[in-house]
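Heads up, the sequence shown is in the working numbering, so the first residue is 31 and it goes up one at a time. Heads up, the beta-carbon is just placed ideally off N, CA and C, and yes, glycines get one too. Remember, it's a predicted structure, so these values are computed and weren't measured experimentally. Report on the structure given below.
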Amino acid sequence: MTDIIEKPRHSEISNSSYSTRPNDMTVLGVVDFADCNQCSPYPNRWSSIRERISAPAAEFMGAFILCLLGCGGNCQANLSANKSVSASPAGNVVTSNLSWAIGLSLGVWISANHSGGHLNPAVTIAFATVRGFPWRKVPIYLLAQLLGALCGASVVYATYFNAIAIVEGGSDIRTIAVSGNLFGTYAADYLPSVSAFFAEFIGSAMLITGIFMLTDKKNGPLPPGVLPVGIFFLLLGIGSALGMDTGAALNPARDLGPRILTAMVGYGSAVFNFRNQYWLWCPILGPIFGMIVAAFFYDAMLYRGSESITNRPSEEAERQHLHSCARTKRNEVAGVV
Numbered sequence: 031m032t033d034i035i036e037k038p039r040h041s042e043i044s045n046s047s048y049s050t051r052p053n054d055m056t057v058l059g060v061v062d063f064a065d066c067n068q069c070s071p072y073p074n075r076w077s078s079i080r081e082r083i084s085a086p087a088a089e090f091m092g093a094f095i096l097c098l099l100g101c102g103g104n105c106q107a108n109l110s111a112n113k114s115v116s117a118s119p120a121g122n123v124v125t126s127n128l129s130w131a132i133g134l135s136l137g138v139w140i141s142a143n144h145s146g147g148h149l150n151p152a153v154t155i156a157f158a159t160v161r162g163f164p165w166r167k168v169p170i171y172l173l174a175q176l177l178g179a180l181c182g183a184s185v186v187y188a189t190y191f192n193a194i195a196i197v198e199g200g201s202d203i204r205t206i207a208v209s210g211n212l213f214g215t216y217a218a219d220y221l222p223s224v225s226a227f228f229a230e231f232i233g234s235a236m237l238i239t240g241i242f243m244l245t246d247k248k249n250g251p252l253p254p255g256v257l258p259v260g261i262f263f264l265l266l267g268i269g270s271a272l273g274m275d276t277g278a279a280l281n282p283a284r285d286l287g288p289r290i291l292t293a294m295v296g297y298g299s300a301v302f303n304f305r306n307q308y309w310l311w312c313p314i315l316g317p318i319f320g321m322i323v324a325a326f327f328y329d330a331m332l333y334r335g336s337e338s339i340t341n342r343p344s345e346e347a348e349r350q351h352l353h354s355c356a357r358t359k360r361n362e363v364a365g366v367v
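And the structure:
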């Protein structure tokens, strides 16, 4: 706490440089807390509050960015196809997939160092089930992700409100088939329910497999900043290859947040009554079960990290380890080793 650099008083100015007076604590200066191991890690009250809320705040911001860019990409690509909105289309299925991939990439980028960059209740639950993520943190993560997705979709709806009104035929007309499906996900008419569930299951399984692959230290490790790029290509590939049947929700918050928004702004209960509560068994349960199964498979077959439940030592292995350590210690003390 002694390296304080202050601006000199007018009466003490002899030149344009700053003067250093280490023992004068009465004048505000600039302290570099990073250079002091004994200093408090919280230079002010807000910094201590921020430490406690940074993880859910990061999940909120990441999910917000994901749905802001993703739902925004859907709206721009589809609404601009109407001649009354735009003279020429301003997007297509490719730009829509790119928007979701970029949204997830940037969302992970902003949140990874603070919360792990889950942005997805199914990812959080998979990590809690297989990788030892604390279950006590799961509810606040899920709430932050849901609220972030809801707020991101709300901003998109406000941005495209007038275009939606033109396409729907009035500001008081809202239908799932015309614009509601730009926010929530809905299965194609030709798709039976079991196939819809399987589409979400397999797409989500691929997503968590890619996440585990990219974060596995035995596979790299990845240079700093490369993870979001890998996530970008991962989601782009899944959306481009498996997104046609159900819209590739892959994320309960990404679907439920925007779905709640549509119910609030005029689409009504139809968004929840579609195909006998499709919203629950397909874009929520499909990703959760798909990720848990794939997470178990990856860890059982490939992963060697100690945090996985598949790699927890047995009681016999622990006894052998303790015995070996004790013997090594005795040998070191005796000067054998």
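Separation of Lys247 from Glu346, as counted between CA atoms: 27 Å
Between the C-alpha atoms of Gly121 and Gly233, what's the straight-line distance to the nearest angstrom? 24 Å
For Asn211, which of Ile155, Gly277, Thr159 and Glu230 has the nearest alpha-carbon? Gly277
Please return the same chain residues whose Cβ sits closer than 8 Å to the Cβ of Asn341, not counting the five positions on each side in sequence. Asp329, Tyr333, Arg334 and Gly335
Assigned exposure category for Pro288 - 16 Cβ within 10 Å defines buried: buried
In the stretch 143 to 192, which residue ranges form an unbroken alpha helix (DSSP H) of at least 4 residues, counting only runs that do not cross its ends? 151 to 160 and 168 to 189
DSSP state of Lys113 mapped onto helix, strand, coil: coil
Following the continuous alpha helix (DSSP H) through Leu252, name the residue where it begins and the one where it ends. No alpha helix (DSSP H) holds Leu252; DSSP gives it neither H nor E.
Does the distance from the C-beta atom of Ala131 to that of Thr215 stay below 8 Å? no
Cα-Cα, which of Pro222, Gly320 and Gly250 is closest to Asn150? Gly320
Burial state of Gln106 (16 or more Cβ within 10 Å): buried
Cα-Cα separation between Gly182 and Pro71, rounded to whole angstroms: 33 Å
Could you tell me which whole beta strand (DSSP E) segments of length 3 or greater appear in the stretch 70 to 106? none
Kindly indicate which three-state DSSP category Val224 falls into: helix, strand or coil? helix
Distance between Lys359 and Ala93 (C-alpha atoms, nearest Å): 50 Å
Go through its chain and collect everything with a Cβ distance to Gly162's Cβ below 8 Å, but skip five positions before and after it. Glu337, Ser338 and Ile339
Around the Cβ of Glu230, are there at least 16 other Cβ atoms within 10 angstroms (buried) or fewer (exposed)? buried
Which of helix, strand or coil does DSSP assign to Leu280? coil
Would you mind giving the Cβ-Cβ distance between Ile194 and Leu109, rounded to the nearest angstrom? I have them listed as a contact below 8 Å. 7 Å
Could you give the DSSP three-state label for Glu337: helix, strand or coil? coil
Work out the CA separation of Ala85 and Thr125 for me, nearest whole Å. 30 Å
May I ask you to report which of helix, strand or coil DSSP gives Phe304? coil
By the three-class DSSP mapping on this structure, what secondary structure does Ile132 have? helix
Taking contact to mean 3 or more Cβ pairs, one atom from each stretch, closer than 8 Å, check whether the stretch 261 to 273 and the stretch 161 to 180 are in contact. no
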